[in-house]
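Enquirer: In this note's numbering, the protein residues as written are 190 to 688.
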Amino acid sequence: MQAVPVTVDRKDPRFDTLKRGNNIRFPATDAEAAGRIVLCSDEAEVSAALQRIVASGIRPTIRSGGHCYEDFVANNPNGAIIDLSLHNRVDAPATGKPFRVASGARLGEVYQTLYKRYDVTLPAGTCYMVGAGGHISGGGYGLLARQRGLTVDWITAIDILTIDPHGKVIERHIDKAHDPDLFRACRGAGGGNFGIITNFYFDTLPASPQQVAEASVSFPWSSMTEEKFTRLLALYGDYWNGPGRTPETWGLSVVLTLGPSKHGAGNINIAAQYCDANGKASDLSILYDFFDRFAELIHPQPAGKSDESKAERYSVKLRPWLEATLAGSDSGGTVRAKYKSTYMKKPFVQAECHTLYKFLNSPNIDAHGFVLAVDGYGGATNNPDRVHDTAIAQRSSIMKLQWQCYWAEASEDAARLKFMDDFYTAMYTGPHVPHEYQGTPFGEHYEGCYMNYADADMLRYTHWPQLFYGAAGLYPQLQQVKYQYDANNIFHSSMSVRA
Ligand SMILES: Cc1cc2nc3c(=O)[nH]c(=O)nc-3n(C[C@H](O)[C@H](O)[C@H](O)COP(=O)(O)OP(=O)(O)OC[C@H]3O[C@@H](n4cnc5c(N)ncnc54)[C@H](O)[C@@H]3O)c2cc1C
Numbered sequence: 190m191q192a193v194p195v196t197v198d199r200k201d202p203r204f205d206t207l208k209r210g211n212n213i214r215f216p217a218t219d220a221e222a223a224g225r226i227v228l229c230s231d232e233a234e235v236s237a238a239l240q241r242i243v244a245s246g247i248r249p250t251i252r253s254g255g256h257c258y259e260d261f262v263a264n265n266p267n268g269a270i271i272d273l274s275l276h277n278r279v280d281a282p283a284t285g286k287p288f289r290v291a292s293g294a295r296l297g298e299v300y301q302t303l304y305k306r307y308d309v310t311l312p313a314g315t316c317y318m319v320g321a322g323g324h325i326s327g328g329g330y331g332l333l334a335r336q337r338g339l340t341v342d343w344i345t346a347i348d349i350l351t352i353d354p355h356g357k358v359i360e361r362h363i364d365k366a367h368d369p370d371l372f373r374a375c376r377g378a379g380g381g382n383f384g385i386i387t388n389f390y391f392d393t394l395p396a397s398p399q400q401v402a403e404a405s406v407s408f409p410w411s412s413m414t415e416e417k418f419t420r421l422l423a424l425y426g427d428y429w430n431g432p433g434r435t436p437e438t439w440g441l442s443v444v445l446t447l448g449p450s451k452h453g454a455g456n457i458n459i460a461a462q463y464c465d466a467n468g469k470a471s472d473l474s475i476l477y478d479f480f481d482r483f484a485e486l487i488h489p490q491p492a493g494k495s496d497e498s499k500a501e502r503y504s505v506k507l508r509p510w511l512e513a514t515l516a517g518s519d520s521g522g523t524v525r526a527k528y529k530s531t532y533m534k535k536p537f538v539q540a541e542c543h544t545l546y547k548f549l550n551s552p553n554i555d556a557h558g559f560v561l562a563v564d565g566y567g568g569a570t571n572n573p574d575r576v577h578d579t580a581i582a583q584r585s586s587i588m589k590l591q592w593q594c595y596w597a598e599a600s601e602d603a604a605r606l607k608f609m610d611d612f613y614t615a616m617y618t619g620p621h622v623p624h625e626y627q628g629t630p631f632g633e634h635y636e637g638c639y640m641n642y643a644d645a646d647m648l649r650y651t652h653w654p655q656l657f658y659g660a661a662g663l664y665p666q667l668q669q670v671k672y673q674y675d676a677n678n679i680f681h682s683s684m685s686v687r688a
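1. Would you identify the three-state DSSP class for Leu-544, choosing helix, strand or coil?
2. Answer with buried or exposed for Gln-462, where buried requires no fewer than 16 other C-beta atoms within 10 angstroms of its C-beta.
3. Look at Ile-242 and Ala-269 and say whether their C-beta atoms are less than 7 Å apart.
4. Ligand 3 and Arg-575: does any heavy atom of the ligand fall closer than 6 Å to the residue's C-beta?
5. Taking 7 Å as the limit between beta carbons, can you name the residues of its chain near Lys-439, skipping five residues before and five after?
6. Enumerate, from N- to C-terminal direction, the unbroken alpha helix (DSSP H) stretches of 4 or more residues contained entirely within the segment 626-679.
7. Using 8 Å as the cut-off, can you tell me whether the segment 319-329 makes contact with the segment 252-269, which would need three or more C-beta pairs spanning the two stretches below that distance?
8. Could you tell me whether the segment 274-282 touches the segment 339-352, where touching means 3 or more Cβ pairs closer than 8 Å?
9. Beta carbon of Cys-257: closer than 6 Å to some heavy atom of ligand 1?
10. How about Ala-735 and Lys-208: do their beta carbons lie closer than 7 Å?
11. Compare the Cα-Cα distances from Phe-500 to each of Met-588, Met-533 and Ala-402 and report the closest residue.
12. Out of Lys-286, Ile-325, Phe-631 and Glu-415, state which residue places its alpha-carbon closest to the alpha-carbon of Leu-696.
13. Could you check whether the Cβ of Cys-229 sits closer than 6 Å to any heavy atom belonging to ligand 1?
14. Does the structure place the segment 419-436 close enough to the segment 528-539 that three or more beta carbon pairs sit under 8 Å?
15. From Gln-591, Gly-619 and Gly-637, pick the residue whose C-alpha is nearest to that of Arg-584; which is it?
16. DSSP three-state call for Val-622: helix, strand or coil?
17. Ligand 1 and Thr-130: does any heavy atom of the ligand fall closer than 6 Å to the residue's C-beta?
18. Taking the alpha carbon of Arg-687 as the point to measure from, which residue in Thr-419, Ala-378, Ala-516 and Val-563 has its own alpha carbon closest?
19. Give every residue of the same chain whose Cβ lies closer than 7 Å to the Cβ of Leu-476, excluding the five residues on either side of it in the sequence, and list them in chain order.
20. Buried or exposed: which applies to Val-193, given that a residue is buried once 16 or more other Cβ atoms fall within 10 Å of its Cβ?
21. Using DSSP with H/G/I as helix, E/B as strand and the rest coil, what is Ala-404?
22. By a C-beta neighbour count over all protein chains shown, 10 Å radius and 16 as the cutoff for buried, is Ser-495 buried or exposed?
23. Using 7 Å as the threshold, is the C-beta distance between Phe-215 and Asp-675 below it?
24. Restricting to Cα atoms, I'd like to know which of Arg-225, Trp-429 and Ala-263 is closest to Asn-217.
25. Tell me, please, which residues DSSP counts as bridged to Gln-593.
26. Rounded to whole angstroms, what's the CA-CA distance from Val-358 to Ser-504? Just pull it up for me.
27. With C-beta atoms as the reference, is Arg-289 less than 7 Å away from Asn-265?
28. Helix, strand or coil: which one does DSSP assign to Ile-242?
29. Where does His-577 sit, in a helix, a strand or coil, going by DSSP?
30. Do Val-341 and Arg-306 have their C-beta atoms within less than 7 Å of each other?
31. Can you tell me whether Ser-683 is buried or exposed, with buried defined as 16 or more other CB within 10 angstroms of its CB?
32. For Pro-354, count the other beta carbons within 10 Å of its own beta carbon; 16 or more makes it buried, fewer makes it exposed. Which is it?
33. Whose C-alpha, out of His-543, Gly-468 and Gly-565, is nearest the C-alpha of Pro-509?
34. Does the count of Cβ pairs from the segment 541-550 and the segment 446-455 closer than 8 Å reach three?
35. So, is Ser-530 buried or exposed, given that buried needs 16 or more other C-beta atoms within 10 angstroms?
36. Of all the options Gly-246, Asn-456, Gln-655 and Gln-400, which has the alpha carbon lying nearest to the alpha carbon of Val-406?
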């Protein structure tokens, strides 16, 4: 029987809902929107749809979860979005066979199925609604990544559809022995570059943790001088540059959240999740040791030294891992948003602390809706062997920053985007950044940016490919792959690999 996907065109009442993804800035106008959305439920439907679309000279864009930070999926004037969200099976086809995750599966579904059926998991991201297709092909990192590495580190094979120079769809099952260069490129370079990934395979996966401890502390802006703020960032960075490097601490996942001071009313927060290598949270000494380092900044000064008093002070809560994992997810609601990223190899320098303090406190700067998440990074993500067999070059960082801004009205777009750009550029301008890389996180302190946190602002720098793919020759290899497997540049966006 011939595969028949669901096609939603501009006359269909579902079109306005389905034409956009999570970031409702895109498409900005009707003219920029795709002409149709083709919803496919399995590999055969995807293959047939892609062949029809390419044969009719229409541009395809590929969407799995629709959580792209830029316009790569939503903007395609009169083109076609091939939507894989109904192709969402998660299974292990037979005993002894690899686990298989279809690219349209949402991370929340993936976690639930892998846990309930097989008691394994992926060290992937925290949002329930993010799609495997974009997330995994761009790296895939989450609360278990320090302990278990990146999701791409676990992939053993991929099903992908490419287009040959004559416009014919080629179905490939790729691994280390078959199309190895394409296989490497699909493990980190980001989606939308080479073809349509339909399935990811994993020979083995990490066992699911059973229990985690969650904990947090807050530091009110009202008592935060620049000196204390700098000290807080120093304590945080020193941890990841010191104890955070030792394998015993890799079960600790932490985010420091820096929002604007709101005239002294807001808080700076540190939230942690911990489980040991056996997936339990019975001994919390590593968690307590981490939080104790900030004692000098906690007021009133902590009194008791017992585990009971620490559990109370740091709001420790023990939870089943699955519950904690699903609770941390958003519901996939839509927002206007802008994001940026930074990989940091070293603790914050004075100039960065000053810029952060200035922007987050200035009454003249409208930082409303802004949040900077500073993740403790490293651990298993920094396995040096993985530099050469995946397309994630950043394997030396100790912290990873996600710059975020959220707002509601289109009329605010220009001001919000300018604020983000100004703030980020100021952060990486000064003597801590080499002359040729001013305005960008590159040089001895940094490892550039994360492709899954796509940021088209960086295209204005000629070294943008090095920011996302490193300076060690990965990008030229990706260009070779592009030339070999997508010679007609069928799959492209503003930030895709140029042949
Ligand atoms: C709320 C939220 C939370 C997030 N949390 C995390 C996190 O914890 N960790 C993390 O690492 N990242 C996180 N991200 C970033 C996320 O990983 C990326 O935005 C990712 O690209 C989204 O994948 P998607 O399939 O949902 O997006 P889509 O918009 O569908 O696709 C993103 C890109 O991948 C391409 N693509 C999609 N599917 C395929 C496919 N099957 N084959 C080939 N190319 C494809 C698209 O063409 C596009 O270029 C988060 C994003 C959001 C919005």
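From the three backbone atoms N, C-alpha and C, an ideal C-beta is built for every residue, glycine too.
Expert: Looking at the coordinates:
1. The residue you asked about is not Leu; residue 544 is Thr in the sequence shown. Here Thr-544 sits in helix by DSSP.
2. buried
3. yes
4. Here the bound small molecules are ligand 1; ligand 3 is not part of this structure.
5. According to the sequence shown, residue 439 is Trp rather than Lys. Contacts found: Arg-335, Gln-336, Gly-568 and Ala-569.
6. 653-658 and 663-674
7. yes
8. no
9. yes
10. With the chain running from 190 to 688 in the structure shown, residue 735 is simply not present.
11. As written in the sequence, residue 500 is Ala, which differs from the Phe given in the question. The option with the nearest alpha carbon to Ala-500 is Ala-402.
12. This structure cannot speak to residue 696, because the chain is shown only from 190 to 688.
13. no
14. yes
15. Gly-637
16. coil
17. Residue 130 lies beyond the range of the chain shown here (190 to 688); nothing can be said about it.
18. Ala-378
19. Ala-402, Ala-404, Leu-441, Ala-461 and Tyr-463
20. exposed
21. strand
22. exposed
23. no
24. Position check: residue 217 holds Ala in this sequence, whereas Asn was assumed. The shortest Cα separation from Ala-217 among Arg-225, Trp-429 and Ala-263 belongs to Ala-263.
25. Tyr-528 and Val-560
26. 55 Å
27. no
28. helix
29. helix
30. no
31. exposed
32. exposed
33. Gly-468
34. yes
35. buried
36. Asn-456
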